[in-house]
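In what follows, a single structure is set out as structure tokens and then discussed.
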Amino acid sequence: MAGLIDECLLHLSRDLEAKTQTPESPQYKNQEKSARPRHTLIFLRRVAQTRDIHVLLDVERLALEHTLKYDTNSPEEKQSVTVALDQLDTCRKCFDSLMNNPAGYRENVDPTYSSKAREAGLPLDAAKEFFKSHATRLTNNLVSKASHVEKLLLRQRKENVAVMRECYAELQQKALGIASPKKSKGLSR
Amino acid sequence: MGKMPLEKRKELLEASLAAGESGNYDEEVRLMKLLPLAPHLAMIAKEMYGKGHLLENGFNLSDANEEFGDGWLDR
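If you read the sequences in order, they're chains A and B. Heads up: the first sequence at position 18 corresponds to 18 in the numbering used here, and the numbers run straight through without jumps. Heads up: the second sequence at position 22 corresponds to 22 in the numbering used here, and the numbers run straight through without jumps.
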């Protein structure tokens, strides 16, 4: 796990290095179009393939912290990232609780959700809310960020959120003894 | 230790990209670790995983040391 988190730090740092070294040169523009996104995309895809929610959450947290400290252009954007980080922390708590105490989830959490607050029979809890609102947040960023590189990376981050959502739903199904529905294309191992 | 010269940084950047290009991820990571870690990322890593994690995993903290001053890891 630490290996992939370290790699995430290194990728974010190298992307900045490439940008700050030669931002106007043809060499950098070439990296914008090819090498840089390819390398970081491959890394983010490897993270998705782990299907390990802790790793996926940590990598997303690093990306958000990096945005907060380095790449926010307005107070509104800063606020949006801060909210995302709060939601991510709550999501992690939900996940840990579901993972460590599935019986507690079944007995104490599940009954508190009405049929309207469910998706495929599973509670739309704080973790699910994070997956949903964060996917929307990333989609909104896709519209506002102009760079080709940023769009590619944001799309992959969205894919990774989808993987988290699927893994989390599998854990919910297991805890609640619900048979898993047919898996969506492209997300199975 | 001062800032790494630009030529050296370029060399490491290109070499790490080339290693990743050929699918040699271990070498890519080794070379990326030789590049100075961006100060704000070093600070994030310290806050998330602690000083020990940064020191034990061989990150180049020269830019962070320059930016935050001596003893920043202990503050």
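Backbone N, C-alpha and C define an ideal beta-carbon position, used for all residues, glycine too.
List, in order along the chain, the chain A residues whose C-beta lies closer than 9 Å to that of residue i?
i                    : result
alanine 45 (chain B) : Ile5, Asp6, Leu9, Leu62
Between residue i and chain A, is any beta-carbon pair separated by less than 8 Å?
i                          : result
asparagine 57 (chain B)    : yes
glycine 2 (chain B)        : no
arginine 75 (chain B)      : no
lysine 51 (chain B)        : no
glycine 20 (chain B)       : yes
leucine 35 (chain B)       : yes
phenylalanine 68 (chain B) : no
serine 62 (chain B)        : no
Is the distance from the Cβ of residue i to the Cβ of residue j below 8 Å?
i                          : j                      : result
leucine 13 (chain B)       : alanine 42 (chain B)   : no
serine 133 (chain A)       : glutamine 87 (chain A) : yes
glutamate 66 (chain B)     : lysine 8 (chain B)     : no
phenylalanine 43 (chain A) : histidine 66 (chain A) : no
alanine 175 (chain A)      : proline 123 (chain A)  : no
leucine 34 (chain B)       : alanine 19 (chain B)   : no
aspartate 52 (chain A)     : isoleucine 5 (chain A) : no
cysteine 131 (chain A)     : valine 161 (chain A)   : Here residue 131 (chain A) is phenylalanine; the residue named in the question, cysteine, does not match the sequence. In contact: phenylalanine 131 (chain A) and valine 161 (chain A) (Cβ atoms closer than 8 Å).
leucine 6 (chain B)        : glutamine 21 (chain A) : yes
leucine 68 (chain A)       : valine 83 (chain A)    : no
alanine 120 (chain A)      : cysteine 94 (chain A)  : no
aspartate 93 (chain B)     : leucine 37 (chain B)   : Since the displayed chain B opens at 1 and closes at 75, residue 93 (chain B) lies outside it and no answer follows.
alanine 15 (chain B)       : leucine 9 (chain A)    : no
Quick check on residue i - is its C-beta less than 8 Å from some C-beta in chain B?
i                    : result
leucine 41 (chain A) : no
lysine 69 (chain A)  : yes
leucine 12 (chain A) : yes
valine 55 (chain A)  : no
Which residues in chain B sit within 9 Å of residue i, going by Cβ to Cβ distance?
i                      : result
alanine 18 (chain A)   : Leu13, Leu17
histidine 66 (chain A) : Ala38, His40, Leu41, Ile44
Quick one: list the residues of chain B neighbouring residue i, beta-carbon separation under 7 Å, in chain order.
i                    : result
leucine 85 (chain A) : Ordered by position in chain B, no residue passes the 7 Å Cβ test against leucine 85 (chain A), which lies about 11 Å from the chain.
Give me the chain A residues within the contact set of residue i, using Cβ-Cβ distance strictly less than 8 Å, ordered along the chain.
i                   : result
leucine 6 (chain B) : Gln21
At the level of alpha carbons, what is the spacing between residue i and residue j?
i                       : j                       : result
lysine 49 (chain B)     : arginine 165 (chain A)  : Before going further, note that residue 49 (chain B) is tyrosine rather than lysine in the sequence given. The alpha-carbon atoms of tyrosine 49 (chain B) and arginine 165 (chain A) are separated by roughly 25 Å.
asparagine 24 (chain B) : leucine 41 (chain A)    : 15 Å
aspartate 71 (chain A)  : histidine 40 (chain B)  : 11 Å
asparagine 57 (chain B) : leucine 62 (chain A)    : 17 Å
valine 219 (chain A)    : valine 47 (chain A)     : Residue 219 (chain A) lies beyond the stretch modelled for chain A, which goes from 1 to 189, so this question has no answer here.
glutamate 32 (chain A)  : valine 149 (chain A)    : Unreliable placement is indicated for glutamate 32 (chain A), whose pLDDT of 49 sits below 50; the coordinate value is still reported in the next sentence. About 6 Å.
glycine 186 (chain A)   : leucine 152 (chain A)   : With a pLDDT of only 49 at glycine 186 (chain A), under the threshold of 50, the placement of this residue in the model should not be trusted; the figure read from the coordinates follows. Going from the Cα of glycine 186 (chain A) to the Cα of leucine 152 (chain A) covers about 18 Å.
aspartate 26 (chain B)  : lysine 158 (chain A)    : 26 Å
alanine 14 (chain A)    : glycine 177 (chain A)   : Here residue 14 (chain A) is arginine; the residue named in the question, alanine, does not match the sequence. Going by the C-alpha atoms only, they are around 45 Å apart.
histidine 39 (chain A)  : glutamate 107 (chain A) : 45 Å
alanine 117 (chain A)   : glutamine 156 (chain A) : 28 Å
Strictly under 8 Å for the Cβ-Cβ distance: is residue i near chain C by that measure?
i                      : result
glutamate 27 (chain B) : No chain C appears in this structure, whose protein chains are A and B.
Which whole runs of the alpha helix (DSSP H) in the region 4-63 of chain B are 4 residues long or more, in chain order?
6-21, 25-34, 39-49, 51-56
Mind pulling the alpha helix (DSSP H) runs of 4 or more residues that sit fully within the region 67-106 of chain A?
Here the runs fully enclosed are 75-100.
Counting only runs that start and end within the region 125-175 of chain A, where is the alpha helix (DSSP H) found for 4 or more residues in a row?
126-144
Entirely enclosed alpha helix (DSSP H) segments - the region 35-63 of chain A, minimum 4 residues
35-50
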